[in-house]
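In this note's numbering, the protein residues as written are 1 to 292. What follows is one structure encoded as structure tokens, with my remarks underneath.
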């Protein structure tokens, strides 16, 4: 049980590293480089890294994915994302149910393998025993190495679930960014109202207790407006790049990869199943031939 768990974690980690290594933006990031170097205290080391604010993140995305910043916004993108979310969530639920069934079959096959090997040895022993009564001795060749055909399905299913969770999170993340954008736009609107009041010489309740002059208040609010506009521009740029990359690259590629992988996995599963059950048939034929 423990060995299976460790092996499964190793497979998933290898899959993760392979996928990240194929994305230059992630592979060259400080966070990933720190991870693969493996410091003794990764959590402490990662906390020491400077975290990008939204403006810096937008600039990095602009540098790494400049071609997607050129795409104009399209109204159909929203409909496309909603349809994809529904489709991928449905796929996630199906794959999670499938994983439960495959895991049961995986465990059943392991038990069957052990029991069938025990039966082969006992049949050989019984045959030797009954040979004393004049019955022809039967010798069945036990199979030493087995390959559980359900392991192919189990590895694939778990990998697919992780991929589906990742693509769902990628789509949902842009919705989170849009909420942050709306909040920044609300803040900008409040700052503009403050600026109008400041220019008119009106003060808020807290400003009556401030020693700042009218000009200083106007300058202060003006700076806040400039900063918030920069934040809004960063959110808008970031959201546009993410949407364009998802629609024009990631989603089409994701769907095609799933189709190709499904065909390959099913062929491997069929081939492995045939090999294992042909061994069982061969052992039964040996028994049959022994009595002829």
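Ideal Cβ positions, reconstructed from N, Cα and C, are used throughout, including at glycine. Remember, predicted model here, so these are calculated numbers, not experimental data.
With a CB to CB cut of under 8 Å and the five nearest residues on each side skipped, what residues in its chain are close to residue i?
i: residue 32; result: 20 and 26
i: residue 85; result: 168, 171 and 172
i: residue 54; result: 180, 231, 234, 235 and 238
i: residue 34; result: 42, 45, 46 and 49
i: residue 191; result: 221, 224, 225 and 228
i: residue 94; result: none
At what residues does the alpha helix (DSSP H) containing residue i begin and finish?
i: residue 179; result: 150-199
i: residue 95; result: 76-130
i: residue 22; result: From DSSP, residue 22 is part of no alpha helix (DSSP H); its letter is neither H nor E.
i: residue 293; result: Residue numbering for the chain in the displayed model covers 1 to 292; residue 293 lies beyond these limits and cannot be assessed.
i: residue 135; result: Where residue 135 is concerned, there is no enclosing alpha helix (DSSP H), given that its DSSP letter is neither H nor E.
i: residue 68; result: 66-69
i: residue 34; result: 30-37
Out of curiosity, what's the CA-to-CA distance linking residue i and residue j?
i: residue 149; j: residue 270; result: 8 Å
i: residue 73; j: residue 197; result: 36 Å
i: residue 81; j: residue 285; result: 56 Å
i: residue 51; j: residue 30; result: 10 Å
i: residue 45; j: residue 17; result: 19 Å
i: residue 253; j: residue 75; result: 22 Å
i: residue 133; j: residue 125; result: 14 Å
i: residue 1; j: residue 235; result: Residue placement at residue 1 is poorly supported in this model, since its pLDDT is 48, which falls under 50; the coordinates still yield a value, given next. So the two alpha carbons sit approximately 47 Å from each other.
i: residue 239; j: residue 12; result: 30 Å
i: residue 299; j: residue 58; result: The shown model of the chain, from 1 to 292, leaves out residue 299, and the question about it has no answer.
i: residue 129; j: residue 289; result: 18 Å
i: residue 104; j: residue 250; result: 33 Å
i: residue 141; j: residue 242; result: 59 Å
i: residue 268; j: residue 106; result: 15 Å
i: residue 282; j: residue 265; result: 26 Å
i: residue 260; j: residue 178; result: 34 Å
i: residue 175; j: residue 79; result: 13 Å
i: residue 64; j: residue 28; result: 11 Å
i: residue 256; j: residue 66; result: 24 Å
i: residue 111; j: residue 152; result: 17 Å
i: residue 247; j: residue 77; result: 7 Å
i: residue 212; j: residue 37; result: 52 Å
i: residue 287; j: residue 24; result: 59 Å
i: residue 9; j: residue 22; result: 20 Å
i: residue 258; j: residue 83; result: 17 Å
i: residue 131; j: residue 115; result: 24 Å
i: residue 277; j: residue 118; result: 16 Å
i: residue 216; j: residue 56; result: 28 Å
Taking 7 Å as the limit between beta carbons, can you name the residues of its chain near residue i, skipping five residues before and five after?
i: residue 273; result: 149
i: residue 96; result: 161
i: residue 91; result: 164
i: residue 88; result: 164, 167 and 168
i: residue 199; result: 218
Report yes if the CB atom of residue i is closer than 8 Å to the CB atom of residue j, and no otherwise.
i: residue 237; j: residue 62; result: yes
i: residue 102; j: residue 154; result: yes
i: residue 159; j: residue 262; result: no
i: residue 138; j: residue 123; result: yes
i: residue 109; j: residue 157; result: no
i: residue 143; j: residue 275; result: no
i: residue 317; j: residue 222; result: Outside the displayed range of the chain (1 to 292) lies residue 317, so it cannot be described from this structure.
i: residue 113; j: residue 68; result: no
i: residue 71; j: residue 224; result: no
Can you find the residues in the same chain that come closer than 6 Å, C-beta to C-beta, to residue i, ignoring five residues on each side of it along the sequence?
i: residue 127; result: 137 and 138
i: residue 189; result: none
Problem - Inter-stretch contact at 8 Å, needing at least 3 Cβ pairs: the stretch 211-228 / the stretch 185-198 - result: Touching, yes, given that three or more Cβ pairs across the two stretches are closer than 8 Å.
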